[in-house]
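Notes follow once the structure below has been shown.
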């Protein structure tokens, strides 16, 4: 194992325990055993829980149990623990956790790492600090209240004596674990790291090219695999002629893999694998395979006909998922009726690093090194595929060159493990860009119909909306046709407007490809439709867009979904802790209007501002896009302003970076993002036909305005995307008079 890049040199030994439990353990070389150690043995380290340890040298070791893919989470969560502990950040070492249920949920997805683990890391830091203070008090035989831990030492306030953390390890380990009620948390004014721009721990390695990603892992004697998969989901292998493949220098074996069966979940798709001594040989060998496929039921999938069928479904009454007042009566009283249909295509994740995994099967156990957002899913999926126990799968987590939700689905790790068992050697599966684009878990295509009945002032008194999309649930339940509660809770049942009569509906749709979550998930197409429709209504009423939005939003209030009888999952968090507060949404709208100079710019031909605001992942975001459309229809996004209320902000620099990145990601979606199918096969294959925003397409400038808040921390990785997509589309209308109802914008003639 020591030849593998990114092997940890330290391990926690001792009982398996949950967060908050405390244990005396030892930090040893990976091949040493614990044996019998005295409490004062110099190798003994104190470990207050699964996230934190202190070595006799004084080094504080904090376990990063979430995956790093550019968010800075390997820095931000440890900052919380270090701050509460009173550690010197220069003496903190971060170690990446393997997949293990003792760490709690390790799926770095859904913008919930800080949200779900801020308190846990704060608790463990505060607990460690209190035990260090008690240990020092016992050593000096003074009152614990006279001792304070700060900057890696415990100070006795009356005498000025101090002891370093390392000197107190043995004594701290003998202290009883404080009850939760005994913990004393720091005030924000006492924070040394939280709320500041601490450099990310991987910065030097990334800048010098020594950082280890999934593509970089190595094992002695490993082989490489390239897999020819069915071009249509559910297709079956009819025949395979591998004679030319076997002639390629370096090819060791050709393996026919079992095809996946619905529901596909995280199964390896199957196909024909070429195993070789290099990536080049494996891919050259694959190119010479002569295979024939039985395409199956999905072979008739065509994007254009499917789009028409989704829109046709959206035009008809469907399952009601939210109902307020009497919508039909409201329409009967309306002065005017406005209707619109919106469409958003499939999207691919297209992370800069395609999926990659290295696995070694030996004696009924698997050790894997994976660029994954969810090591526990790797354990589960590999164990299921090989018929072994989950505990017999060890998953080491590398850095990820982007994820966006794709790498929480470990089918590629399953491929590596299955092939390792079949060939008897470690096998690395590193997808090509073409593999990544053509065999993704795609962001769902969606069709939406909206209808409003307005009064004499142009304000809606009745509102109807229908959304139709193949659900993510279809990947895990082959019979699923309707949106899941989580998808419907992403910008559909939670529209925050104060309209007396509202109804939201959801129609059925059959999936023909694997559907998965992508950055912001259903919020992308729901916010695009709702925010575009509001812009249309404001235009019909000849009113300022932001003024009109705030009018619809109504007075500041907490929306009571329970009283309405509406099922709203609220990103999995209780509404009493994270209510939908329209006052907070109003505030970010006001901030972005002020900071963007809304309404102050002199009119210019082909240049205009567009606005949108949306709450997702418990975070309130408002965006203004300033763009120009030239005579040839070319769009230039000059500036994006984003106002954000994400509660308490742990790492402002990384939060700003996430919203800057979201603006670029949103530009890709709005301007050019589209995956299509013909004959069941994905038509795009690389960046030449599935482009992402480059420097000339991305906003020239993105300004992120963080609204100060003492509320609980909420998500930041995903919430910036939906309002920026809609703001860009609304700005195009303001600049050209041409309404964007069909994404991407490139499908619309602007010249």
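Residue numbers (our numbering): 92 to 842. Ideal placement from N, C-alpha and C gives every residue a C-beta, glycine not left out.
Asked, Found
"Residue 324 beta carbon less than 8 Å from that of residue 785", "no"
"Inter-residue spacing [alpha-carbon to alpha-carbon] between residue 302 and residue 185", "14 Å"
"Buried versus exposed, by CB contacts within 10 Å (16 or more), residue 651", "exposed"
"Helix, strand or coil at residue 781 according to DSSP, with G and I counted as helix", "coil"
"Own chain residues within Cβ distance below 8 Å of residue 248, not counting five before or after", "237, 238, 239"
"Bounding residues of the beta strand (DSSP E) (the contiguous stretch that carries residue 793)", "792-797"
"Member of 742, 595, 719, 671 whose CA lies at the smallest distance from the CA of residue 708", "671"
"Buried versus exposed, by CB contacts within 10 Å (16 or more), residue 181", "exposed"
"Residues of its chain near residue 523, where Cβ-Cβ distance is below 8 Å and the 5 sequence neighbours each way are ignored", "317, 374, 445"
"CB-CB length for residue 683 against residue 796, believed under 8 Å", "7 Å"
"Residue 388 versus residue 594: straight-line alpha-carbon distance, rounded", "35 Å"
"Straight-line gap, residue 245 to residue 300 (C-alpha atoms, nearest Å)", "38 Å"
"C-beta atoms of residue 504 and residue 477 nearer than 8 Å", "no"
"Length at least 3, wholly inside the region 317-383: the beta strand (DSSP E) runs in chain order", "327-332, 342-348, 362-367"
"Integer Cβ distance of residue 137 from residue 264, believed to fall under 8 Å", "4 Å"
"Contacts around residue 891, its chain only, beta-carbon distance under 6 Å, and the 5 residues preceding and following it disregarded", "Residue 891 cannot be examined here, being either before or after the span of the chain that is shown, 92 to 842."
"Among 145, 209, 820, 574, nearest to residue 166 - alpha-carbon criterion", "209"
"Rounded C-alpha distance that separates residue 304 from residue 395", "38 Å"
"Backbone CA spacing between residue 120 and residue 174 [nearest angstrom]", "Any reading at residue 120 must be qualified, since the residue scores a pLDDT of 25, below 50, and its modelled position is unreliable; the value itself is stated next. C-alpha separation (whole angstroms): 29 Å."
"Between the CA atoms of residue 417 and residue 834 - distance to the nearest angstrom", "32 Å"
"Length at least 4, wholly inside the region 228-282: the alpha helix (DSSP H) runs in chain order", "260-264"
"Run of the alpha helix (DSSP H) containing residue 170, from where it starts to where it stops", "164-176"
"Cβ neighbour criterion (16 or more within 10 Å) applied to residue 532", "buried"
"Simplified DSSP assignment, three categories, for residue 743", "helix"
"Counted within 10 angstroms of its Cβ, other Cβ atoms place residue 778 as buried (16 or more) or exposed", "exposed"
"Residue 808 at chain D interface by Cβ criterion, 8 Å", "Structure shown: chain D not included; a single protein chain is present."
"Beta-ladder partner(s) of residue 485, from DSSP", "458"
"Residues of its chain near residue 530, where Cβ-Cβ distance is below 7 Å and the 5 sequence neighbours each way are ignored", "320, 360"
"Beta-carbon proximity check, residue 163 vs residue 152, cutoff 8 Å", "no"
"8 Å contact criterion, which residue 640 and residue 585 should meet: CB distance rounded", "No, residue 640 and residue 585 are not in contact; Cβ-Cβ is about 16 Å, not under 8 Å."
"When 480, 294, 415 are compared against residue 657, the one with the closest alpha-carbon", "415"
"8 Å contact criterion, which residue 385 and residue 327 should meet: CB distance rounded", "4 Å"
"Pair within 8 Å by beta-carbon distance, residue 501 and residue 310", "no"
"Residue 692 versus residue 242: straight-line alpha-carbon distance, rounded", "50 Å"
"Collapsed DSSP secondary structure at residue 593 in the structure displayed", "strand"
"Distance, residue 341 Cα to residue 826 Cα", "57 Å"
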